[in-house]
Every structure is written in structure tokens, then in C-alpha cells.
DNA sequence: ACTATACATTGATGATTGTCAATATGATGT
DNA sequence: ACATCATATTGACAATCATCAATGTATAGT
């Protein structure tokens with residue numbers, strides 16, 4: 001995953017409401033109305049945020065009847081997490097990774 | 100670390116230039132002019148980005164003579180990484196974490 | 001004192017963002 | 001057909017952002 005993609009994911013996570021949505025989805029799929037009940041925003045605002053989360057690939061949605069089932073996209077999240085884990089601070093002080 | 104703090108860090112990482120700065124600092128402390136040489140932005144813009152990275156606690160700076168030595172703040176980065184790692188997708192499919 | 005270097009600040013500009021009210025779409029049940 | 005529920009879209013607004021040119025402020029070397 002390249003730097004631009006990572007920055008897009010970080011932008012999607014840069015809003016507390018969207019972070020809360022991610023946390024709620026941690027417990028499994030949820031529809032929009034369930035998310036809405038647990039948050040302090042209006043329905044259009046939620047729709048806006050879901051679009052942002054889908055746009056960077058973190059969340060997928062499947063329409064089932066009236067409802068949209070949102071879920072965390074495990075692969076995308078793992079790729080993001082791997083990138084974050086790959087950042088190691090001040091290697092210089094630990095033996096060095098660069099010449 | 101609470102959700103608001105995490106979102107501030109993500110906002111700081113939501114710009115490709117700032118992500119590049121973080122990567123450059125991975126190899127150890129660097130001064131502003133070194134960073135500037137490796138990037139495609141002007142000096143005021145770099146100064147602006149460094150302020151953003153310091154503002155969320157990801158980067159620390161120490162003035163030594165003419166130079167500012169920037170370094171990744173290991174503790175803050177670790178706390179952020181721990182939060183990201185704590186997010187696990189769709190526990191429902193793995194035994195469930197919620198009732 | 002003078003010059004050069006490293007960095008910060010200011011001011012301006014165009015772009016993006018988060019939010020909501022209003023409205024539209026689309027599916028379900030009666 | 002009609003009413004209801006879930007969600008999307010539009011339009012508007014204030015706020016924030018990324019960027020740069022110009023300028024200011026130190027510090028170091030001569």
C-alpha cells in the first residue's frame with residue numbers, strides 16, 4: 001500500500017465520529033440506523049461519513065432489503081495496520097537501519 | 100489515549116507530505132534543511148507541517164545552534180500504534196466480542 | 001558590522017470539510 | 001395506492017486546510 005493510500009485512510013480516520021463508527025463496527029456488521037442510534041449526528045451526516053469510510057476502502061456495505069449492512073473491510077484494515085507497525089522510531093538509537 | 104487524541108494524530112498523518120516526513124524521521128533525527136532537501140515543498144510549508152506534527156505530539160524538536168533537530172516521539176507513536184492494533188474487524192465471525 | 005544560513009510568522013488564496021435542513025429515492029408492509 | 005422506514009443527494013454555510021511569497025528573527029562565521 002502506497003503513501004497516498006495511507007494518507008487517504010488517515011484522513012478518513014481523522015474525524016472522531018468516523019473513529020467511533022469504526023469502533024462500533026468492530027463488534028460486527030451494523031446497519032445505518034443502528035449506528036445512528038448510538039451517535040449524536042443526523043442521518044445525512046452519517047451518510048456522509050459512511051461514504052468517506054467506504055471511499056478509502058475501510059468499510060464495505062451490502063444492501064439487504066431496506067437496510068445497508070456496513071462492515072469493516074478486514075484486508076484493508078490489516079494493510080493499514082501493517083504500514084503503521086512498519087514505522088519504527090529513531091532506529092539510530094537501537095543500532096540503526098540507515099547508513 | 101482517547102478517541103479525540105487519536106483523531107488528531109490521524110489528521111496529522113492525513114497529508115502525504117507529513118507521512119513522508121514521518122518516514123524520513125524513521126531513520127533518525129533530522130534537521131529542517133535536511134528534510135527540505137528531500138521534499139518538493141517550500142520552507143514555510145515545511146515549517147507549517149512540522150508544527151502540525153509537533154502539535155499532535157508525534158514529533159519533538161530540539162534547537163541546537165542554527166538547527167532544529169526533529170525526532171519521532173516514540174511514546175506517542177507507540178500509543179497510537181497500540182490503538183490501531185486494538186481494532187479488530189468483525190469479531191462476530193470469530194467467536195464474537197459483543198452480545 | 002556584514003553576510004549567509006536555518007527557521008518562524010504573516011497574509012492571502014483557493015480548496016476541502018463537517019454539519020444540517022430539505023428533499024429525493026427506494027424498499028416493505030398494509 | 002398509500003404510508004412508513006432506511007438511506008442518499010442537494011444546497012448552503014462556517015470553518016479549516018495546504019500552499020506560497022514576503023518578511024522577520026535568530027545564530028554562526030568572516
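Protein chains in written order, with this note's numbering: chain E, 1 to 99; chain C, 100 to 198.
Even for Gly, the Cβ is constructed at its ideal location relative to N, Cα and C.
For residue 109 (chain C), the C-beta contacts it makes with chain E under 7 angstroms involve 10, 13, 14, in order along the chain. At a cut-off of 3 residues, the continuous stretches assigned as beta strand (DSSP E) that sit fully inside the stretch 157-182 of chain C are 158-163, 166-171.
For residue 102 (chain C), the enclosing alpha helix (DSSP H) covers residues 102-111. Contact between residue 73 (chain E) and residue 58 (chain E) holds, with the beta-carbon distance rounding to 6 angstroms and staying under 8 angstroms. In summary, residue 10 (chain E) is buried, with 16 or more beta-carbon neighbours lying within 10 Å of its beta-carbon over all protein chains present. For residue 149 (chain C), the enclosing alpha helix (DSSP H) starts and ends at 142-154. Of C:120, C:103, C:148, the smallest CA-CA separation from residue 19 (chain E) is found for C:103. Comparing C-alpha distances from residue 142 (chain C) to each of C:155, C:116, C:127 shows the shortest one belongs to C:116. Judged by DSSP in its simplified three-state form, residue 23 (chain E) adopts helix. Taking the beta carbon of residue 167 (chain C) as reference, no residue of chain E falls within 7 angstroms; the closest one sits roughly 16 angstroms away.
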